[in-house]
Amino acid sequence: MDIPPLRWLDPPDGPAIELLDQTRLPITETVLTCRDVDSLVDAISRLVVRGAPILGVAGAFGVALAAHRGDDVTAAAGLISRARPTAVNLGWGARRALAAYRYALADSYSDSERLAAGAALAEARAIAAEDAAASAAIAANGLALVPPGARVLTHCNTGALVSAGQGTAFAVILAAHRAGRLARLWVDETRPLLQGARLTSYEARRAGLPYAVLPDAAAASLMAAGEVDMVLVGADRVAADGSVANKVGTYSLAVLARHHRVPFVVAAPVSTIDFETPSGMAIVVEHRPAAEVTSYAGVPVAAAGSEAYNPAFDVTPPALITALVTQRGVVRPVNAGNLRALETGSGAADAGHGTACGVLSIASVER
């Protein structure tokens, strides 16, 4: 991708955060520069930058921006964390950068504010580097799940637009394409904001993938016709019991996949697992403005005065998930015990070496 989804600007152009405006893709590649936390929070809320991993990176750089500006860093971290309540990486990244800032502040005897701001920025850069490495490991670990000649259905957007690397589910799909295993990528348009039709098609076309965009409602008939070999999606939050919050419509795909005996696979970094959220019932689902449903690009598509139900996410229970691909290995079955083993690394080797927590490393998915 020519323009990264996020870039830090040092002086004299900064301190600032430069974002590729995803609301304008694929029509135009436009950059938005955020010079304060309020403008960054607004950009996050408007989905200028979106997707769990890159939101973690954005949260950390937002704290670094506040520190370099001399703002109230604790207040800024709180403001950033609340910008979107479901995506766990956003608050996670902000808290990591805040902790680095506070540690450096307490440990410094002179010029402490400057050194603490530098520590927050270093932590943000470390998170970005970790995400890029995690993306590569997810691709390697997930590739084993993709059979030759696979026809893969995906939902929303999970590529380089949501990551400092190649993404999550899309990184696996891209690895399958490069390995000659991908026959067709089916791209759900992803109502109501069309992240699939706009963003995944943008990335798929640039990568030269064989793909087709379909209405979300066509997934059922496509599976019934035997045209889907696996469903591969990302995640915005994974609860401690293995429940997955992802773009609304994901749960429907999981139910359809179970009925048609199609593997349903989730790809996400370990940072997306929230062990403080005990179950899917405890996940706070963000509800977005009605206008996103009743109009498109400012043009009304519903009768004036229509109300709308517009959850940004839904929650898929672990019983419907075939496997969870992470940078540390592949979890199957997806349950609380196996996620805890993944967190602690009990019996685990480094990601990409073919082994992980006892139940984790697998070479195929039941068909």
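Take the sequence shown: its position 38, counted from the start at 1, is 354 in the numbering used here, and no numbers get skipped.
We treat Cβ as the ideally placed atom computed from N, Cα and C, and that holds for glycine.
- request: In the DSSP assignment, find the unbroken beta strand (DSSP E) run with V641 in it and report its ends.
  value: Numbered from 1 along the sequence shown, position 325 holds the residue referred to as residue 641. Under the DSSP assignment, V641 falls in the beta strand (DSSP E) whose first and last residues are 639-642.
- prompt: Is the segment 408-423 touching the segment 374-381, taking contact as three or more C-beta pairs under 8 Å?
  reply: Yes: the two stretches touch, three or more of their Cβ pairs being nearer than 8 Å.
query: Any idea which residues DSSP pairs G645 with across the strands?
result: In the sequence shown, residue 645 corresponds to position 329, counting from 1. DSSP lists T642 as the beta-bridge partner residues of G645.
- prompt: Alpha carbon to alpha carbon, what distance is there between H575 and A442?
  reply: If you number the sequence shown from 1, residue 442 lands on position 126. If you number the sequence shown from 1, residue 575 lands on position 259. Computed Cα separation, rounded: 42 Å.
- prompt: To the nearest angstrom, how far is it from the Cα of Y527 to the Cα of E334?
  reply: Within the sequence shown, residue 527 is the residue found at index 211, counting from 1. Within the sequence shown, residue 334 is the residue found at index 18, counting from 1. Whole-angstrom Cα-Cα distance: 30 Å.
query: My guess is that L569 and V554 are in contact by the Cβ rule of under 8 Å, so how many angstroms apart are they, rounded?
result: Locating residue 569 in the sequence shown gives position 253, counting from the first residue. Locating residue 554 in the sequence shown gives position 238, counting from the first residue. Not a contact, Cβ separation roughly 16 Å.
task: Since I believe L459 is in contact with A495 (beta carbons under 8 Å), could you give me their beta-carbon distance rounded to a whole number of angstroms?
output: Position 179 of the sequence shown, counting from 1, holds the residue named residue 495. Position 143 of the sequence shown, counting from 1, holds the residue named residue 459. Indeed they touch by this definition, with Cβ atoms about 6 Å apart.
field: Pick from T610, D630, G372 that is closest to S622, judged by C-alpha positions
entry: The sequence position of residue 622 within the sequence shown is 306, counting from 1. That would be T610, whose Cα lies nearest to the Cα of S622.
query: Per DSSP, what kind of secondary structure is T346 in: helix, strand or coil?
result: If you number the sequence shown from 1, residue 346 lands on position 30. Coil.
field: Neighbourhood of R323 by C-beta, 7 Å cutoff - its chain only, sequence neighbours within 5 removed
entry: Residue 323 sits at position 7 when you count from the first residue of the sequence shown. If you ignore the 5 residues before and after R323, its C-beta comes within less than 7 Å of the C-beta of E334, all in its own chain and listed in chain order.
- prompt: At which residues does the beta strand (DSSP E) containing M597 begin and terminate?
  reply: Position 281 of the sequence shown holds residue 597. Unbroken run through M597: none, as it is neither H nor E.
- prompt: Considering R507, what are the terminal residues of the alpha helix (DSSP H) in which it resides?
  reply: Working through the sequence shown from its first residue, we reach residue 507 at position 191. It is not in any alpha helix (DSSP H) - R507 carries neither H nor E in the DSSP assignment.
message: Is the separation between the beta-carbon of A578 and that of V544 shorter than 8 Å?
response: Looking up residue 578 in the sequence shown gives position 262. Looking up residue 544 in the sequence shown gives position 228. The amino acid at residue 578 is misidentified as Ala; the sequence shows Val. Against a cut-off of 8 Å, the Cβ pair of V544 and V578 comes out as a contact.
- prompt: Skipping 5 residues on each side, what residues in its chain have a beta carbon closer than 8 Å to that of E682?
  reply: Counted from its first residue, the sequence shown places residue 682 at position 366. Its pLDDT being 33, under 50, E682 is placed unreliably in this model, and the value from its coordinates should be taken loosely. Excluding positions up to five away in sequence, the list reads P579, T638.
message: Among the candidates A491, V478, A536, whose CA atom is the shortest distance from the CA of T684?
response: The chain is shown only over 317 to 683; residue 684 falls outside these bounds and no answer can be derived.
message: Measuring only the C-alpha atoms, how far is A573 from I360?
response: By 1-based counting over the sequence shown, the position of residue 573 is 257. By 1-based counting over the sequence shown, the position of residue 360 is 44. Between A573 and I360, the C-alpha separation is close to 32 Å.
- request: Starting from T632, follow its DSSP beta bridges and name the residues at the other end.
  value: Stepping through the sequence shown from its first residue, residue 632 is reached at position 316. Checking the DSSP bridge columns, you'll see T632 partnered with V560.
Close beta carbons around T390, own chain, < 7 Å, minus the five adjacent residues each side: Counted from its first residue, the sequence shown places residue 390 at position 74. Within the same chain, and ignoring the five residues on either side of T390 in sequence, the residues whose Cβ sits closer than 7 Å to its Cβ are L414.
- request: State the Cα-Cα distance for the pair R514 and L437, rounded to the nearest angstrom.
  value: Sequence index remark: in the sequence shown, residue 514 carries index 198 (1-based). Sequence index remark: in the sequence shown, residue 437 carries index 121 (1-based). Their backbone Cα atoms lie some 32 Å apart in a straight line.
task: Give, in chain order, every unbroken run of the beta strand (DSSP E) that is at least 3 residues long and sits entirely within the segment 566-624.
output: Taking only runs of at least 3 residues, the beta strand (DSSP E) segments lying wholly in the segment 566-624 are 580-583.
message: Classify F629: buried if its beta carbon has 16 or more other beta carbons within 10 angstroms, exposed otherwise.
response: Here residue 629 is taken as the residue at index 313 of the sequence shown, counted from 1. The residue in question, F629, is buried, as its Cβ has 16 or more Cβ neighbours within 10 Å.
message: By alpha-carbon positions, which one of S559, L525, V503 ends up nearest to R533?
response: The residue labelled residue 533 in the question sits at position 217 within the sequence shown. With the sequence shown as reference, residue 533 is identified as Ala, and Arg is not the correct amino acid for it. Scanning S559, L525, V503 for the CA closest to the CA of A533 turns up V503.
- request: Provide the residue span of the beta strand (DSSP E) that contains V547, from first to last.
  value: Stepping through the sequence shown from its first residue, residue 547 is reached at position 231. Per DSSP, V547 belongs to the beta strand (DSSP E) from 546-549.
Proximity of G483 and G475 at Cβ, strictly below 8 Å: Against the sequence shown, residue 483 aligns to sequence position 167. Against the sequence shown, residue 475 aligns to sequence position 159. Yes, the pair counts as a contact, with Cβ atoms nearer than the cut-off.
query: So, is L676 buried or exposed, given that buried needs 16 or more other C-beta atoms within 10 angstroms?
result: The residue you call residue 676 lines up with position 360 of the sequence shown. Confidence at L676 is low in this model, with a pLDDT of 44, below 50, so its placement is unreliable and no value can be given for it.
message: Just list the residues that DSSP pairs T470 with in beta bridges.
response: On the sequence shown, position 154 is the one that residue 470 refers to. BP columns for T470 point to V503.
Exposure label - M597; buried when at least 16 CB within 10 Å: For the purposes of this step, residue 597 is taken as the residue at position 281 of the sequence shown. Its Cβ having fewer than 16 others within 10 Å, M597 is exposed.
- prompt: To which residues of the same chain is I678 closer than 8 Å at the C-beta, ignoring the five residues directly before and after it?
  reply: The residue you call residue 678 lines up with position 362 of the sequence shown. The predicted position of I678 is uncertain, since its pLDDT is 36 and thus under 50; a value taken from the coordinates is nonetheless stated next. So the list reads A460, L461, A639, V646, R648, once near-sequence residues are dropped.
- request: Could I get the ranges of all uninterrupted alpha helix (DSSP H) runs contained in the segment 391-458, with 4 residues as the minimum, in chain order?
  value: As far as the segment 391-458 is concerned, its whole alpha helix (DSSP H) runs of at least 4 residues are 404-423.
- prompt: Once you ignore the five residues that flank L395 on each side, which residues in its own chain have a CB closer than 7 Å to its CB?
  reply: As a first step, residue 395 must be located in the sequence shown, where it is residue number 79. Once the five neighbours on either side are set aside, the close Cβ partners of L395 are V353, V357.
- request: Figure out for me which residue from G407, A432, L406 has the closest Cα to the Cα of R418.
  value: The residue you call residue 418 lines up with position 102 of the sequence shown. Looking at the Cα atoms, A432 is the closest of the given residues.
- request: Could you give the DSSP three-state label for L538: helix, strand or coil?
  value: Counting from one through the sequence shown, the residue named residue 538 turns up at place 222. In the structure shown, L538 sits in a helix (DSSP, three-state: H, G or I).
- prompt: When you compare only the Cα positions, how much space is there between A541 and L501?
  reply: Position 225 of the sequence shown holds residue 541. Position 185 of the sequence shown holds residue 501. Taking the CA atoms as reference points, A541 sits about 16 Å from L501.
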